[in-house]
Amino acid sequence: VGVGHRSLAGVYAQYAAAIEGWQELWDRLEDLDRHCRVLEPEAPRYCDLYRRVALGGFCSLAITLDPDRAQAPPDLRFLGSEATVAPLRQRWTDCGAGQSGWQAHLPPRINLEALLAIDLPSPGVEAQEDLASTCGICYSYFQGGGGEEGEVAGHGQVER
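Its first residue numbered 1, the sequence shown is counted upward by one per residue in the UniProt record's numbering.
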């Protein structure tokens, strides 16, 4: 605690300012939680900077936000069959991984839907495909266990 923050009120003000600095990030994560079918984490916490959301067709999208740049385009990983994710990955590449066309004042969900030309499935009743068995290749890639950039399983019945 700095010299100017030795009083309880000063410490509280410093704490409140630090928390306020995270609010934009939390608002963007909560928007994904409210409007998308989030597959992981099952019970998101404020410290979870990623969301894996359903895309449909046994595919999903891992979205990781940068806590220092909440308005910036997120890191994306497309998970699922190559036939389904290749066009989405190409659209993301075509817009410079979000650098072209990203509107910082809008939540990531709206930007992603616009740039990828998709509607992200809403939360609610889970689709049968969300309950499918885990694909080891895609799940390993998401967990950082290996795989080349963009590697996905070669079959259509893939969820993660």
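All C-beta atoms, glycine included, are put in the ideal place defined by N, C-alpha and C.
Item, Value
"For the beta strand (DSSP E) containing R77, name the first residue and the last one.", "75 to 79"
"Taking only runs of the alpha helix (DSSP H) that begin and end inside the stretch 61 to 105, which ones reach a length of at least 4 residues, in chain order?", "82 to 94"
"Relative to the C-alpha of D33, which residue among R89, V11, D48, F58 is closest?", "D48"
"Determine whether the beta carbon atoms of P74 and T84 lie at a separation below 8 Å.", "no"
"Give me whichever residues DSSP pairs with L38 in a beta bridge.", "A quick correction: the sequence has Val, not Leu, at residue 38. Paired residues: V53."
"Thinking just about the alpha-carbon of each residue, which of Y46, L8, I118 is nearest to the one in L25?", "Y46"
"For the 8 Å Cβ check, are there 3 or more pairs between the stretch 94 to 101 and the stretch 109 to 120?", "yes"
"How should L124 be labelled, buried or exposed, when 16 other C-beta atoms within 10 angstroms of its C-beta is the threshold for buried?", "In the sequence as displayed, the identity of residue 124 is Gly instead of Leu. Its Cβ having fewer than 16 others within 10 Å, G124 is exposed."
"List the residues that DSSP assigns as beta-bridge partners of C59.", "G56"
"DSSP state of A114, grouped into three classes?", "helix"
"Considering only the beta carbon of each residue, do G88 and A62 sit closer than 8 Å?", "The identity of residue 88 in the sequence shown is Leu, whereas the question assumes Gly. Not in contact: L88 and A62 (Cβ atoms no closer than 8 Å)."
"Do A70 and R28 have their beta-carbon atoms positioned less than 8 Å apart in this structure?", "yes"
"Determine the DSSP secondary structure at G10, reduced to helix, strand or coil.", "helix"
"Alpha carbon to alpha carbon, what distance is there between V11 and Y50?", "30 Å"
"Quick check: what's the CA-CA separation for L39 versus D66?", "20 Å"
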